[in-house]
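S.K.: Sequential numbering of the sequence shown, starting at 1, is according to full-length UniProt numbering. Just so it is clear, CB atoms sit at the ideal spot from N, CA and C, and this is done for glycine as well.
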Amino acid sequence: MITSQLPSHESRAHGIITCAAVMISVSTLAVILRFWSRAVTASLVFWWDDWAVLFTLATSHMFLATNIYWTTIGLGKHATDIPLTDIRPNAIANRVALVLYATVILMIKISALLLYTRLFKINRKFTITLWVVATIATVWWVITSIIPWSFCHPIKKDINPFIPGVCDENISWFMASAFINATMDLVILILPMPVIWRLQASLRKKLIISLVLLLGYCSAFLSFARFIMIVRNPDRLSASPGADPSWNLVPLLYLSILEGPFAIMALCGPSIGQLLSRVVEYRSWSSLFTTRPLQTTELSGSGISSSKRVRKESCSGFSKIGSLTGGGARGETTSTTAIAVHPNKVGDDWPEEEFSMGVIKVSRDVNISNV
C-alpha cells in the first residue's frame, strides 16, 4: 500500500524573527551608548570609525529586516509549503539578502580597520597596511555582490525561476566565499598584535589591550563557525531540484544574523566600558550628562592641594590606553586617539612631564596656600 506524505507545515520563522528583533534592539542600544560615551569623554569629537559603526548598524538593520520580511513569503518553511506565487519574491529576497550581508561584512572590516587607524595613527607603515587591507576588502565586496546575480543564465532567471534557462550549482562558490571571508577576518584580527607587543608597556597591559581588540573583532569567530558549518554540510546551500533551501538554510542563517550585531556590540564595547568607568571614577551619575571634567582638586586646610590620586588617573587617561581598557575618564577630555603619541613609551614608566591634565601640564605636586 502506497501512502503519500502530507506537508508538515513546520516553520522556523518565529526563531528567525525573534533573533533578528533582539539583535536589532541590542545593537542599536550599543551604538547609542558608544556615541554617548564618545560625546562625554571626547568632548563631542567623533572620528571616522564612529560613523563607520553607525553605517554598519544601518546596513545590519536592513539585512535583518529583509530576513524578517523573507519569513512572510517562505523562509523557515519547507519548499513544499511555499505557494507558487511566492517563489519569485523568495528569489528576489535571497539575492537582496546576499548583497546586504556582503555589505555588512565589509563595513565590519572597515570599522575595525578605522579603529586600528585611530589607535595607531602615528605608525605610518601600519596605517598603509590598513589601507591596503581595506582596499582588498572593498574589491572583495564588489565581487561578492555581483557573483550571486550571475548564477543563472539568463540573468533574469536569478529572480524569476519560471523563465526558461539553467542555473549553476553554487555550493562551491559559497564555500570559497566563506573561506576567503574567514581568512580576511583572521588577518584583520591579528593585524595589530605585532604593533601592540612592540610597545614598551607591561606584560599585563599588553595582554589587556590584545584581549580588548580580539573581543572587539569577535565576528571573526562567527565567520569561522559559518565556514565550518558549510564544509560539514554543504547541502544546506543547495538549490538543486528536490532540495529544501528555505528550511535547510536557517541554521546557517542564524550565524549570519548574529555576525553583524555581535561585531557592532564588540566594537562599541571599549567605549561603553569607558562610560561605565566614568561613573565609577566620579561616583556620580551626573558625570554621564556633561562633557566637562568634574572637580579634581581637594580642599585642604587654608589652601588647595592637588590630589595625587587625580594626577595618577590623569596620566593613565592621556597615555591613551585608558580609552581601550576603560580608564582615563578624568584625565582625558579632548583626545580622540588611543595610542597616537609616543607608541613606544606606553607604560607605567612614561615620564610624568609628558602627561597632560586638560590644558595644563603638571610635572610635580604643587601646594597652593594663602600667605
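State the Cα-Cα distance for the pair Asn123 and Pro194, rounded to the nearest angstrom.
M.R.: Those two C-alpha atoms are separated by around 12 Å.
S.K.: Roughly how many angstroms separate the alpha carbons of Trp247 and Arg236, rounded to a whole number?
M.R.: Roughly 9 Å separates the two Cα atoms.
S.K.: Could you give the uninterrupted runs of the alpha helix (DSSP H) lying entirely in the segment 217-241, keeping only those of 4 residues or more?
M.R.: Whole alpha helix (DSSP H) segments, 4+ residues: 219-232.
S.K.: Would Asn67 be called buried (16 or more neighbouring beta carbons within 10 Å of its own) or exposed?
M.R.: Flag for Asn67 reads buried.
S.K.: Name, in chain order, the residues that DSSP records as bridge partners for His153.
M.R.: Val166.
S.K.: Does Ser202 come out as helix, strand or coil in the three-state DSSP assignment?
M.R.: Coil.
S.K.: If you run the structure through DSSP and keep just helix, strand and coil, what is Lys77?
M.R.: Strand.
S.K.: I'd like the list of long-range same chain contacts for Ser11, defined as Cβ closer than 6 Å, with 5 residues on each side in sequence excluded.
M.R.: The answer, listed in chain order, is Gly76 and Lys77.
S.K.: With distances taken Cα to Cα, identify the nearest neighbour of Asp81 among Ala13, Asp50 and Cys19.
M.R.: That would be Ala13, whose Cα lies nearest to the Cα of Asp81.
S.K.: Please say whether Val104 and Ser145 have beta carbons closer to each other than 8 Å?
M.R.: No.
S.K.: Count the C-beta pairs between the segment 272-281 and the segment 27-45 that are closer than 8 Å, then say yes if the count reaches three, no if not.
M.R.: Yes, since at least three Cβ pairs between the segment 272-281 and the segment 27-45 fall closer than 8 Å, the two stretches touch.
S.K.: In the DSSP output, which residue or residues are listed as bridge partners for Ser11?
M.R.: Per DSSP, Lys77.
S.K.: Cα separation between Cys152 and Ile159?
M.R.: Spanning the two alpha carbons is a distance of roughly 9 Å.
S.K.: Where do the N-terminal and C-terminal ends of the alpha helix (DSSP H) with Thr59 fall, by residue?
M.R.: Its alpha helix (DSSP H) spans residues Trp48 to Thr71.
S.K.: Between which two residues does the alpha helix (DSSP H) harbouring Lys121 extend?
M.R.: It is not in any alpha helix (DSSP H) - Lys121 carries neither H nor E in the DSSP assignment.
S.K.: Pop quiz: Ser37 and Ile108 are said to be a contact at Cβ under 8 Å. What is the actual Cβ separation, rounded to whole angstroms?
M.R.: No, Ser37 and Ile108 are not in contact; Cβ-Cβ is about 20 Å, not under 8 Å.
S.K.: Nearest CA to the CA of Ser186: which residue from Phe120, Leu215, Leu64 and Lys206?
M.R.: It is Leu, not Ser, that sits at residue 186 in the sequence shown. For Leu186, the nearest C-alpha among the options comes from Leu215.
S.K.: According to DSSP, is Arg311 part of a helix, a strand, or is it coil?
M.R.: For Arg311, the predicted model reports a pLDDT of 39, less than 50, meaning its position is unreliable and no value from the coordinates is stated.
S.K.: Alpha carbon to alpha carbon, how far is Met175 from Phe241? Give it in angstroms, no decimals.
M.R.: According to the sequence as given, residue 241 is Pro; it is not Phe. C-alpha separation (whole angstroms): 20 Å.
S.K.: Return yes when the Cβ of Arg226 is within less than 8 Å of the Cβ of Leu252, no when it is not.
M.R.: Yes. Within cutoff.
S.K.: Under 8 Å: do the segment 83-97 and the segment 20-35 share three or more Cβ pairs, one atom per stretch?
M.R.: As far as the Cβ criterion goes, the segment 83-97 does not touch the segment 20-35, which means the pair count is below three.
S.K.: Assuming Leu267 contacts Ser111 under a Cβ cut-off of 8 Å, what Cβ separation, rounded to an integer in Å, is found between them?
M.R.: With a Cβ gap of about 6 Å, Leu267 and Ser111 count as contacting.
S.K.: Spatial neighbours of Ser210 within its chain, please: CB distance less than 7 Å, with the 5 preceding and 5 following residues excluded, ordered by chain position.
M.R.: Excluding positions up to five away in sequence, the list reads Met193 and Ile196.
S.K.: If I follow the unbroken alpha helix (DSSP H) through Leu189, where does it start and stop?
M.R.: Run containing Leu189: Ile171 to Ile190, per the alpha helix (DSSP H) assignment.
S.K.: So, for Phe46: in the same chain, excluding its five sequence neighbours on each side, which residues have a beta-carbon less than 7 Å away from its beta-carbon?
M.R.: Within the same chain, Phe46 has close Cβ partners Arg38.
S.K.: Should Trp51 and Ala102 be called a contact, given that it needs their Cβ atoms to be closer than 8 Å?
M.R.: No; because the gap between Cβ atoms is not below 8 Å, this pair is not in contact.
S.K.: Measure the beta-carbon distance from Trp149 to Arg95 and round it to whole angstroms, keeping in mind my assumption that it falls under 8 Å.
M.R.: Contact flag correct, Cβ pair sits at about 6 Å.
S.K.: Could you work out which residue in Arg88, Ala182 and Gly74 is closest to residue 376 when comparing CA atoms only?
M.R.: Because residue 376 is not part of the residues shown, which for the chain are 1 to 371, the question remains open.
S.K.: Taking the alpha carbon of Leu258 as the point to measure from, which residue in Leu64, Val53, Ile92 and Arg34 has its own alpha carbon closest?
M.R.: The option with the nearest alpha carbon to Leu258 is Leu64.
S.K.: What did DSSP end up calling residue 437 once you bin it into helix, strand or coil?
M.R.: Nothing in the structure corresponds to residue 437, since the chain is present only between 1 and 371.
S.K.: How would you label Asp348, buried or exposed, when you count the other beta carbons within 10 angstroms and need 16 or more for buried?
M.R.: With a pLDDT of 41 at Asp348, under the threshold of 50, the modelled position of this residue cannot be trusted; read the value that follows with caution. Classification of Asp348: exposed, given that the 10 Å Cβ count is below 16.
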